[in-house]
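With UniProt numbering, the residue at position 2 of the sequence shown is 2, and numbering never jumps.
Where a beta carbon is used, it is the ideal one built from N, C-alpha and C, also for glycine.
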Amino acid sequence: MNSLSLPRSLSYDALIQAADERILILDGAMGTMIQTLNMTEEDFTANGHIHGPKCRHHSDHPQKGNNDLLVLTQPQTVEDLQLDFALAGADILETNTFSSTTIAQADYGLEDAVHDLNVAGAQVARRAADRATAQDGKPRWVAGAVGPTNRTASISPDVNDPGYRAVTFDDLRAAYGQQIDGLIAGGSDLILIETIFDTLNAKAAIFAAFESFAKVGRQLPIMISGTITDASGRTLSGQTPTAFWHSVRHARPFTVGLNCALGADAMRPHLAELAGVADTRICAYPNAGLPNAFGQYDETPEQTAKLVEVFAREGLINVAGGCCGTTPDHIRAIAEHVAPYAPRQIKETADV
Ligand SMILES: [Zn+2]
Numbered sequence: 001m002n003s004l005s006l007p008r009s010l011s012y013d014a015l016i017q018a019a020d021e022r023i024l025i026l027d028g029a030m031g032t033m034i035q036t037l038n039m040t041e042e043d044f045t046a047n048g049h050i051h052g053p054k055c056r057h058h059s060d061h062p063q064k065g066n067n068d069l070l071v072l073t074q075p076q077t078v079e080d081l082q083l084d085f086a087l088a089g090a091d092i093l094e095t096n097t098f099s100s101t102t103i104a105q106a107d108y109g110l111e112d113a114v115h116d117l118n119v120a121g122a123q124v125a126r127r128a129a130d131r132a133t134a135q136d137g138k139p140r141w142v143a144g145a146v147g148p149t150n151r152t153a154s155i156s157p158d159v160n161d162p163g164y165r166a167v168t169f170d171d172l173r174a175a176y177g178q179q180i181d182g183l184i185a186g187g188s189d190l191i192l193i194e195t196i197f198d199t200l201n202a203k204a205a206i207f208a209a210f211e212s213f214a215k216v217g218r219q220l221p222i223m224i225s226g227t228i229t230d231a232s233g234r235t236l237s238g239q240t241p242t243a244f245w246h247s248v249r250h251a252r253p254f255t256v257g258l259n260c261a262l263g264a265d266a267m268r269p270h271l272a273e274l275a276g277v278a279d280t281r282i283c284a285y286p287n288a289g290l291p292n293a294f295g296q297y298d299e300t301p302e303q304t305a306k307l308v309e310v311f312a313r314e315g316l317i318n319v320a321g322g323c324c325g326t327t328p329d330h331i332r333a334i335a336e337h338v339a340p341y342a343p344r345q346i347k348e349t350a351d352v
């Protein structure tokens, strides 16, 4: 099956045109913003509705910390946070669906809610995007966020049984397919496969995305973002940025890049390596530095923005944003700092 021959979605061409003109801005961290609201179990469950017999998404599990559920139980709160990011300068808004797969939602007993979580997640972000556009006239795109799940297909979680796998490629492909179908049904313009620590998981997500595109008869842009998990500059499944690129290049993504894990300073050499080999756009959205002893991020908006500006000055990026610890103020500062710089030029290669 080759979805690359499908017609592109309408918003795809507008996105490419905007990316040719300037460095695009991705939003910041929903998880960090949700934490600042100190929501209770009652907030997460809409006053216990999720635990009640009448709820079509009934679960007996505690839901506090299930951030993705808020698109169903506190949609206005999520929409308002996303609007803040959009008005701070984000061109691309991520859906609040990082863990909206049956695999990740099993921890909360909400596997049956996955379709609705993804549809609602995309609809909520779409409303925030449209409200921002109504205010300032600038176009916005909704990126359906697909996380890595909490299981890895490449590595055994059992040190005594290296051949064991907690999840298979086909399990992941089915779970991601269900998620991506919902994200598209809810109105996502892009699919963002992010925080990739295991390339095999990402390949299952890419495969699933192409299957979903074939079902709706149009191709959405894909953004692919890996995460470097150790000081030697490798992903958890052991790849360098160059190897990672060659593993996902067949998807012909709109962007490839790095997010999370390291702050911008430590991310720079790995981003430079990726920018040296990838014949597509580069996207970077680092954390606001490294977490302190309490798991909080101390980098100020100005500090993070100055580090991301280095990426722009060195011609490394086409899209910039923030991951853990980044607030609307961080995104505003990043947008201001990269605005004077042209987007990275993509190297032409014969077969793309
Ligand atoms: Zn992060």
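Extent of the continuous alpha helix (DSSP H) to which residue 225 belongs: Bounds of any alpha helix (DSSP H) do not take in residue 225; it lies within the beta strand (DSSP E) bounded by 222-226.
Euclidean distance between Cα positions of residue 47 and residue 327: Rounded to the nearest angstrom, the gap between the Cα atoms of residue 47 and residue 327 is 28 Å.
Where residue 277 falls: helix, strand or coil (DSSP): Reduced to three states, the DSSP call for residue 277 is helix.
Delimiting residues of the beta strand (DSSP E) encompassing residue 142: That run of the beta strand (DSSP E) goes 141-146.
Per-residue burial, residue 79 [other beta carbons within 10 Å of its own, 16 or more giving buried]: With at least 16 other beta carbons inside 10 angstroms of its own, residue 79 counts as buried.
Nearest neighbour of residue 120, chosen from 131, 136, 70, 90 [CA to CA]: Each of 131, 136, 70, 90 was checked against the Cα of residue 120, and the nearest Cα belongs to 70.
Complete beta strand (DSSP E) runs within the segment 254-330 (minimum length 3 residues, chain order): Listed in chain order, they are 255-263, 281-287.
Three-state class that DSSP yields for residue 373 in the structure shown: Residue numbering for the chain in the displayed model covers 1 to 352; residue 373 lies beyond these limits and cannot be assessed.
Proximity test, residue 29 beta-carbon vs ligand 1 heavy atom, cut-off 7 Å: In terms of side-chain proximity, the C-beta atom of residue 29 is found nearer than 7 Å to a non-hydrogen atom of ligand 1.
Residue nearest to residue 75 in terms of C-alpha spacing, selected from 234, 249, 10, 34: For residue 75, the nearest C-alpha among the options comes from 34.
Close Cβ partners of residue 167 (< 6 Å) along its chain, the five nearest in sequence each way excluded: Excluding residues within five positions, the ones whose Cβ falls inside 6 Å are 151, 153.
Interface flag, residue 319 vs chain C, CB-CB below 8 Å: Annotation note: the requested chain C is absent from the structure, which comprises a single protein chain.
Assumed close pair residue 30, residue 96 - CB separation to whole angstroms, cut-off 8 Å: Cβ-Cβ separation between residue 30 and residue 96: approximately 5 Å, consistent with a contact (criterion under 8 Å).
Burial state of residue 304 (16 or more Cβ within 10 Å): Around the beta-carbon of residue 304, 16 or more other beta-carbon atoms lie within 10 Å, marking it buried.
Alpha helix (DSSP H) segment containing residue 23, residue limits: For residue 23, no alpha helix (DSSP H) segment is defined, and its DSSP state is neither H nor E.
Residue 323 beta carbon near ligand 1 (any heavy atom closer than 7 Å): Checking every heavy atom of ligand 1 against the Cβ of residue 323, one is found closer than 7 Å.
C-alpha distance - residue 332 paired with residue 98, whole-angstrom precision: Roughly 23 Å separates the two Cα atoms.
Three-way DSSP call (helix, strand, coil) for residue 93 in this model: DSSP places residue 93 in strand when its eight states are reduced to three.
Cβ-heavy atom distance, residue 96 to ligand 1, below 7 Å: No.
Three-state secondary structure assigned by DSSP to residue 183: Collapsing the DSSP output to three states places residue 183 in a helix.
Cβ-Cβ distance between residue 198 and residue 155 below 8 Å: Yes, these two residues count as a Cβ contact at 8 Å.
Rounded separation between residue 248 and residue 220 - CA only: Distance between the alpha carbons of residue 248 and residue 220: 16 Å.
Cut-off 6 Å between Cβ atoms - residues of its own chain near residue 226, not counting five sequence neighbours on either side: Here the set comprises 196, 235, 244, 258.
Rounded Cβ spacing between residue 301 and residue 330 (contact assumed at less than 8 Å): The beta carbons of residue 301 and residue 330 sit about 4 Å from each other, so the pair counts as a contact at 8 Å.
Proximity of residue 209 and residue 180 at Cβ, strictly below 8 Å: Yes, the Cβ-Cβ distance between residue 209 and residue 180 is below 8 Å.
One or two residues paired with residue 193 in a DSSP bridge: Partner(s): 146, 224.
Backbone CA spacing between residue 296 and residue 81 [nearest angstrom]: The straight-line gap from Cα to Cα measures roughly 19 Å.
Bridge-paired residues (DSSP) for residue 219: In DSSP, residue 219 forms a bridge with 8.
Helix, strand or coil at residue 173 according to DSSP, with G and I counted as helix: Looking at residue 173 - three-state DSSP - the assignment turns out to be helix.
Residue from 222, 148, 324, 204 with nearest C-alpha to residue 260: Here the closest residue by C-alpha is 324.
Reference residue 141; option with closest CA among 342, 192, 204, 60: Minimum Cα-Cα distance from residue 141 among the listed residues 342, 192, 204, 60 corresponds to 192.
Contact under 8 Å by Cβ, residue 293 with residue 282: Not closer than 8 Å, so no.
Heavy atom of ligand 3 within 7 Å of residue 283 beta-carbon: Although ligand 3 was asked about, the structure shown includes only ligand 1 as ligands.
First through last residue of the alpha helix (DSSP H) which encompasses residue 118: Residue 118 -> alpha helix (DSSP H) spans 114-136.
Pairwise C-alpha distance: residue 311 and residue 271: The alpha-carbon atoms of residue 271 and residue 311 are separated by roughly 8 Å.
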